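If you read the sequences in order, they're chains A and B. Residue numbering for the first sequence follows this note's numbering, starting at 4 and increasing by one per position. Residue numbering for the second sequence follows this note's numbering, starting at 10 and increasing by one per position. Note that beta-carbon positions come from the ideal geometry of N, C-alpha and C, so glycine has one too. Bear in mind the structure is a predicted one, so any value in this text is a computation, not a measurement.
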Amino acid sequence: MDFELTDEQVMLRDTVRDLLGRAYDPETRLKVIDTDLGWNRDVWRQLAELGVLGLAFDEEDGGVGAGPVETMVVMEEIGRRNAPEPYLDAVLVPGGLVARVGTAEQRQRVLPALAGGETLLAFAHDEPGTRWPATELATTAVLAGDTYRLTGVKNPVPHGDCADQLVVSAALPGGGVGLFLIAADAEGLTRTPFRTFDGRRGAQLDFASAAAELLGDGGDARAAVTAVEVAAQASLCAESLGAMEEAMRLTTDYLKTRKQFGVTLSKFQTLTQRAANMYVSLELARSMSLYATAAVADGSADQVAASRARLQVGRSARHIGQESIQMHGGIGITTEYPVSHYVARLTAIARTLGSDLEHLRVLTDRVGEYNLVEF
Amino acid sequence: MKLALSPDEVTFRDELREFYRTKIPAEIRDRVKYGLELSRDDIVTTHRILNENHLAVPKWPVQWGGRDFTPMQLHIWEDEMQLASVPEPLTFNAQMIGPVIAQFGSEELKARFLPPTANLDIWWCQGFSEPDAGSDLASLRTTAVRDGDSYIVNGQKIWTTLAQYADWIFCLVRTDPNAKKQAGISMLLFDVKTPGVTIRPIKLIDGHHEVNEVFFENVRVPADQLVGEENMGWTYAKFLLGNERTGITGVGRTKVKLGVAKEHAAQIRSGRGTLLEDPVFAARVAEIENELLALELTLMRVISNSTDGKPNPASSVLKLRGSELQQAATELLLDIAGPDALPVNTGDIASPGWAQRSGPAYLNYRKTTIYGGSSEVQRTIIASTILGL
């Protein structure tokens, strides 16, 4: 077994860590997430130049041909800085679908521009009143002549506000789920942008018989959606881990420096014992996050592996997030102090692509199928 | 990053899996699997079969029966043993005093004690804890005063596990009463049948006799049974306790317990189906299983990083979480048993034996977060050495 990064992966990590560290001190980050866009196009350009945006795509699609371990490395650093750039929402998820489902021509048209940072995508999949996994879609695709027309509401669409082009899921006339490409300014498409409680952006998209291009050959794309979601769940685990590490670091630093009753908080055993519990949660989450990425890297789009990781990471994130605030006291819930932002982000992640409840259900449904639990 | 065993490791695992399941008597393994009490004979029999096949003391130096296994091979050796419900080699011999003698003992001491220790011809017990020196072990007060070729030992030990079966004791004693706490301690080996040694049972919460008090009254111990150097006992004890931590995670054993729990739950009617089909129950199993896998992977990370000899900081998590999950599994079994857990030790009634054992087992397992460095001690280690608090 090998849990270590290669030298190249370490170099990638250090480069991204350095870039995001320079871009986002807490004060700068606050200013950036307050802008309309909510993130920094200059940082995006630098990520493109470093090849980060193309990491996940094959070289013939204009990418770098790296893999899930490399994207994990990047996501962990995004989590550590709480960088608002939509790497997962605009690149990994919609780009992953184009790479999996798109024709050679579509991949050529879409992916190099995505890897180069020239276009932004978003995946419009969730619908009002449903929770992950969204298997029954109310949005429909109707064939009118030789053009598909989409009707329905997609909400929330993460970073749907800034996307140039959208990948949209819809029920196909003959059953199954199809994926479609559509420009964000297409006729019949209305978008309503919003801000999220963790300082990010999204949009609701209303489709009124909007003409869209079928992605790929028109077969049922549910397996591709699942595969990309599993990879995205592993990415969210990695991002959570970076955020948890930083929340933990801020909290231990605070315990070492903040004085109460004439001594630092670290003199109070109640607090140090609880900090130790947070560390236990962190290490268990790290183990499961590595597992999720390794499973994706093995090529198995295994929802059980992803749900195992999401459940542990979700439990750990809740624990570390809540304790981080509690141990900081009042300052922990102020906007100026970064720990509150990490907790907000961890809280949002735990409601993205399934919550603890839904991932626990995935595991619960299978408990009777085997005797000894194993990977 | 590759989270799979190598082909060689798979072969190694499969050979051990076969060995444990064919060479160790099934009735002994069943007693472990279903939580029945093991006799002294069960433990000796198993230990000797393992030793005959060079599997009792693989961590020792090769000269004395060790195998030079890699950390991953050692893990597989232990994990497969647990998954096959094989009683582990007696920990006092294999994990504790053997490695100490091999590391710090004189050649004469090694030749005299290591072969019978490896073969369990001597059953050792551990004389460390005292009534006022548990977690604060360095406060121990048992004295050993040099008198010619002997030491005269006086004092008391407590929580001495399985001393009722033991032949010999390895004992921490204070040889320099004027030295600071840790500095004046030595380690002595002696026969528990030496005049002046009294072993008194302590009955535990589960009704069983597992631990003892041991009293020393002018016990005369030959000076050549001192381990290493006088007043260096603290160093040896720390070395020994370092060995104790690694095997205590118990992931394999907890997996088997959960498997047994599911077997029973599938036989119990509850609501509209079996207990195992009850989604609330199944969710609880899924939670514990998932936490166990997270711990197993953490254990793997520790093992994979230990090749350079440096302990991985995450290893502190193993004892803490491993003991909690052992407790969670015994609690699950108790809850499956439900009201059938109330009667104990009663034949010819409808309450099955496993259910009758589940209450005492649950109560007994409260020990796991206390011994081997309590959970509070583990958290203190994490807070100070890892978090710098």
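> List, in order along the chain, the chain B residues whose C-beta lies closer than 9 Å to that of M14 of chain A?
Replying inline: The premise fails here: M14 of chain A is roughly 15 Å from chain B at the closest Cβ pair, so nothing lies under 9 Å.
>> For M75 of chain A and L244 of chain A, what's the separation of their Cα atoms in angstroms?
In response: 10 Å
> Mind listing which residues of the stretch 161–184 of chain A have their C-beta closer than 8 Å to chain B's C-betas, in chain order?
Replying inline: none
> Excluding the five sequence neighbours on either side, which residues of its own chain have a C-beta within less than 6 Å of the C-beta of D145 of chain B, listed in chain order?
Replying inline: none
>> Judging by CA-CA distance, which residue of B:Q335, B:L83, B:D357, B:W363 is the nearest neighbour of P348 of chain B?
In response: B:W363
> Which residue's Cα is closest to the Cα of V206 of chain B: B:K376, B:A147, B:A172, B:A323?
Replying inline: B:A172
>> Contact defined as beta carbons within less than 8 Å: I believe V170 of chain A pairs with L124 of chain A. What is the distance between those atoms, to the nearest angstrom?
In response: 6 Å
>> Could you tell me the alpha carbon to alpha carbon distance between P136 of chain A and N299 of chain B, rounded to whole angstroms?
In response: 21 Å
> Tell me the DSSP bridge mates of W133 of chain B?
Replying inline: B:W177
>> Please return the same chain residues whose Cβ sits closer than 7 Å to the Cβ of F101 of chain B, not counting the five positions on each side in sequence.
In response: W133, C134, Q135
>> Using a Cβ-Cβ cutoff of less than 8 Å, which residues in the same chain neighbour L366 of chain A once the five nearest sequence positions on both sides are dropped?
In response: V307, S310, R311, L314
> Which two residues bound the contiguous beta strand (DSSP E) that contains S159 of chain B?
Replying inline: 159–166
> Applying the criterion that 16 or more other CB atoms from any shown protein chain within 10 Å of the CB defines a buried residue, is F179 of chain B buried or exposed?
Replying inline: buried
> Assuming E249 of chain A and Y345 of chain A make a contact with CB atoms under 8 Å, what is their CB distance in whole Å?
Replying inline: 6 Å
> With respect to 8 Å, is the separation between the Cβ of S172 of chain A and the closest non-hydrogen atom of the ligand ZN below this value?
Replying inline: With respect to small molecules bound, the structure shown includes none, and the ligand ZN cannot be examined in it.
> Which residue spans inside the stretch 193–220 of chain B form an unbroken alpha helix (DSSP H) run of at least 4?
Replying inline: none
> Within this structure, are the beta carbons of I345 of chain B and I277 of chain B separated by less than 9 Å?
Replying inline: yes
> Relative to the alpha-carbon of K157 of chain A, which residue among A:F6, A:G132, A:M247 has its alpha-carbon at the smallest distance?
Replying inline: A:G132
>> Quick check: what's the CA-CA separation for F248 of chain B versus V109 of chain B?
In response: 7 Å
> Is the beta carbon of A59 of chain A sitting closer than 9 Å to the one on G70 of chain A?
Replying inline: yes
> Could one say the Cβ of E286 of chain B lies closer than 9 Å to chain A's Cβ atoms, at least one of them?
Replying inline: yes
>> If we define contact as Cβ-Cβ less than 9 Å, is V370 of chain A a contact residue for chain B?
In response: yes
>> One question on the structure: do T355 of chain A and P161 of chain A come within less than 9 Å of each other, judged by their Cβ atoms?
In response: yes
> By Cβ distance below 6 Å, which residues in the same chain neighbour V53 of chain B in space, the five residues on each side in sequence not counted?
Replying inline: L129
> Thinking just about the alpha-carbon of each residue, which of A:Q49, A:Q329, A:Q276, A:E372 is nearest to the one in Y90 of chain A?
Replying inline: A:Q49
> Which class does R150 of chain B belong to by DSSP, given the choice of helix, strand or coil?
Replying inline: coil
> When the Cα atoms are used, what is the spatial distance from A26 of chain A to T377 of chain B?
Replying inline: 48 Å
> Helix, strand or coil: which one does DSSP assign to L399 of chain B?
Replying inline: Lying outside 10 to 398, the shown extent of chain B, residue 399 of chain B is not represented and no answer is given.
>> For R30 of chain B and D50 of chain B, I'd like the C-alpha separation in whole angstroms.
In response: 19 Å
> In chain order, what residues of the same chain lie with their CB nearer than 6 Å to the CB of V19 of chain A, ignoring the 5 residues before and after it?
Replying inline: V77, E80
>> Nearest by alpha-carbon distance to Q165 of chain B: which of B:G143, B:L118, B:S324, B:L45 is it?
In response: B:G143
>> Residues in the same chain with beta-carbon distance under 7 Å from D287 of chain B, minus the five sequence neighbours each way, listed in chain order, please.
In response: S279, G280
> What are the residues of the stretch 238–271 of chain A that lie near chain B, defined by any Cβ-Cβ distance shorter than 7 Å?
Replying inline: T255, L258, K259, S269
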